[in-house]
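Residue numbers (our numbering): -19 to 96. Positions of the beta carbon are idealized from the N, C-alpha and C atoms, including for glycine. Note that the structure is a prediction, hence the values are computed from the model and not measured. Working notes, beginning with the structure itself.
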């Protein structure tokens, strides 16, 4: 009988030990779950921040594209104005040379500045 009681006490001790380990494992799992929840929430906030930054970057990129196009348009207009000015300068010079070469007897009056 004492052998059966000893086995019963050993069984109870093993059961109590198993229950203690199960309780410790359960607590560790709860801590792990809590930590995982905290990490998930941090990741969600980080994703929200990244999405917000992405939207800001897209907005800024759009503004830069518009500004770049505007600058390109202004540069083209400036180049065209410069080209037009140089062409007119050349035409004026050519016209002055032609006008100075026209003889007075041709019937064409010489071009002069209007009286002030």
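Helix, strand or coil for residue i per DSSP?
i	result
residue 19	helix
residue -10	helix
residue 82	coil
Could you check the C-alpha separation between residue i and residue j for me, to the nearest Å?
i	j	result
residue 48	residue 54	10 Å
residue 24	residue -1	37 Å
residue 42	residue 35	11 Å
residue 45	residue 75	44 Å
residue 32	residue 21	17 Å
residue -6	residue 17	34 Å
residue 70	residue 50	30 Å
residue 3	residue 38	52 Å
Starting from the N-terminal side, write out each stretch of the beta strand (DSSP E) that is 3 residues or longer and does not extend beyond the region -11 to 63. none
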